[in-house]
Amino acid sequence: MKKLLMVLILLAAVPVYSGTTVMQWGFDASSGNVTVPVNDDSGTGNDATNLLHGTAPVYSADIPTNTQFVTGIGSIDFTGTAGGLSTAASEGVGSGQGILAAADVAAAGGFTMEVWVKNAVDNSSSGPAFALNMFGGHCLGVSDTDEGVKIGYFHGDNSNDLLWTTDYTTSGSWTHLAVVLKTNDSDGKAFTEVTSYVNGTAIYTGSVTLPWWLDRATSVGNHQYGDWGDLEGLVYEPRITLGALSPTEFMHLTNDAAMPLPVDGDDNIVLDTNLQWNNPQAYTATQFGLHFRADDPNWPDTVNTAIVDPVTDLDLDGDPDTTEAAVPVTLDYETTYYWRVVSYEPNEVPGGDAIVHTGPTWNFTTKALDAPPVVDAGQNILAALDWVTAPSAVDLQGSVIDDGISSVTVAWEALEGEGIDPNNVTFTDVTDPATSVSITEVGTYTLKLTAIDGNGVEVTDQKEIGVYADACEAAKADGTWSPNFFDYDENCVVNLDDFAEFAKAWLDSTMLTEPFYFD
């Protein structure tokens, strides 16, 4: 196996955002106490018109760094309060206060909800607290359990009423929570894929069906239809978007390259695969280094550097809303490769060196060596014309044996020869090694069976089929045929003609007219 170790330098590309934002609360930390309404920065007018259940939260200048697509300059602090903010009245169902229309969700294929939280916990015993809650049904919540603090996507049908996903902590740091709901349902109630994310990484995927639809309120910090758990902690930029966003379109940004292709841990990778990834979104990198080696995940203290021309492609997967880089690499069969991307962030200090971000180590394993197929066209055949003339046919009994690593293409064909017209030959199924064949004229035909595997390796075998006017001629052509004892004229038929030949020989004189000798 080849062992490769290199660093390739690549140019960065610019992120692109798609989707229609229908609610985004960008808080103003200079405003002091929160007074409703909180303006909806998306421009759709889904303002916070209601203070839920208690004391108003306050603004904070504490915000996450390296964010994108955000509008506010502060966060909102629910610590020590007993309430939240809502877009509508705190009670009632079917009030028409929902911010999404079912037809719009269906047309967009789903929607996305996301929010930043810090030090977020649920200190009450009355139920989970919600950093962001839509329609009383879709929620990004936190809950204190015996196992620790968890985030969840809450509510659906009765079979998946509470989908808590994984342990997490926001103590001392900002955490980005998101859920993406995809649907192909015309009324928008059935979501075929629901994925929860923490800091841009998918941690849970399932499906859900709503028992109601969207004509309900939206809230931050509490449940808008009841005094459930109160969120303790900071919230930044709650956002709801029409359409199923990709992680690169979230407000969350990473300093590292992400979303590798081949997917981390994948196997059976073909040898002509290029390495691809999504560029870091927290900054526009000046260049990338690619660390790549076979069989060993442990990187040395120093890495050899091979400089190549910059390689960038903005639309490798057919989706103009994602940005990928691609690098061709030399691969061997049945080998595990390890790789990581080093991203270089511009330094704001004049003349300072770039800030180096070394990403996580990913791996993939290439496919096993594809052995060539074994092709056997079968034994040669002697046949009478009436045996192989349609609708009669003779079985060819060929075979193709392969290891199954790749698909194999099989085909029969009749070859041209002196006095031989391949158009006289018809295969019942030209792709079946054991098919049957019909032939309309006397002659010796050469038939070729070909198999081509997924690597383009071609293997062939040939057989002959001799077609004679009748069975007797075919038998004589075998070379081992001998006539019946009574078949004096050797035409494969015993009849009076044979008796006449016998009688003629029987009437010949055998009288001795000369002496004979013996030892």
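In the working numbering, the protein residues as written are 3 to 521. The C-beta atom is built at its ideal place from N, Cα and C for all residues, glycine as well. Predicted model only: the values in this text are computed from it and were never measured.
Between His359 and Asp258, the C-beta spacing is below 8 Å.
DSSP, reduced to helix, strand and coil, places Trp483 outside both helices and strands of the structure shown, so it counts as coil. Taking the CA atoms as reference points, Val329 sits about 12 Å from Trp341. Boundaries of the beta strand (DSSP E) harbouring Ala413: Thr411 to Ala416, taken from the DSSP string. Around the beta carbon of Leu417, a 10 Å sphere encloses fewer than 16 other beta carbons of the protein chains shown; the residue is thus reported as exposed. With a beta-carbon spacing of about 11 Å, Ser440 and Leu398 fall beyond the 8 Å limit used to define contacts. By the 16-neighbour rule on beta-carbons within 10 angstroms, Lys369 is buried. Distances from the CA of Val461 to each of Pro348, Asp43, Pro374 and Glu347 were compared; the closest alpha carbon is that of Pro374.
Shortest Cα-Cα distance from Leu451 to any of Tyr238, Ala473, Val444 and Val402 involves Val402.
Looking only at Val377, Glu492, Trp364 and Asp30, the smallest Cα-Cα distance to Ala296 is reached by Trp364.
Take Glu492, set aside five residues on each side of it, and the residues of its chain with a beta-carbon closer than 7 Å to its own are Pro485, in chain order.
Less than 8 Å separates the beta-carbon of Gly235 from that of Thr81. Asp268: member of the beta strand (DSSP E) spanning Asp268 to Ile271, first to last residue. With fewer than 16 other Cβ atoms from the protein chains shown falling within 10 Å of its own Cβ, Asp431 counts as exposed. Under DSSP, Asp397 forms a beta bridge with Ser438. DSSP places Asp79 in the uninterrupted beta strand (DSSP E) bounded by Ser77 to Asp79. Rounded to whole angstroms, the gap between the alpha carbons of Gly202 and Asp463 is 56 Å. Relative to Gly112, the option among Ile78, Ile422 and Val196 whose CA is nearest is Val196.
Of the candidates Ala395, Val237, Leu142 and Asn41, Val237 places its Cα closest to the Cα of Gly76. Here the alpha carbons of Lys120 and Val410 stand approximately 56 Å from one another.
The beta-carbon separation of Val222 and Gly86, rounded to 6 Å, stays under the 8 Å limit for a contact.
Shown here for Glu443: same chain residues with a beta carbon closer than 6 Å to its own, the five before and five after excluded, namely Asn426 in chain order.
Ile78 is positioned such that its CB atom lies no closer than 8 Å to that of Phe132. Shortest Cα-Cα distance from Gly231 to any of Phe193, Leu142 and Thr275 involves Leu142. Counting C-beta pairs with one atom in each stretch, the stretch 468 to 481 and the stretch 383 to 398 have three or more that are closer than 8 Å, which means they touch. In its chain, beyond the 5 residues on either side, Thr367 have a beta carbon closer than 6 Å to the beta carbon of Asp269.
The C-alpha of Thr332 is placed about 52 Å away from the C-alpha of Ile101.
Per the coordinates, the alpha-carbon of Glu251 lies some 29 Å from the alpha-carbon of Asp355. Annotation: Val495 is outside any beta strand (DSSP E) and is labelled neither H nor E by DSSP. The continuous beta strand (DSSP E) containing Lys184 extends over residues Trp176 to Lys184. A straight-line Cα-Cα distance of about 41 Å links Thr433 and Asp187.
The residue from Asp106, Asp124 and Phe71 with its alpha-carbon nearest to that of Val117 is Phe71.
Looking at the backbone, the Cα of Asp298 and that of Tyr339 are separated by about 8 Å.
DSSP places Ser33 within a helical segment (H, G or I) once states are collapsed to three.
About 15 Å separates the CB atoms of Lys465 and Ala395; that is not less than 8 Å, and the two are not in contact. Separation of Gly456 and Asp480 (C-alpha to C-alpha, rounded to the nearest whole angstrom) is 40 Å.
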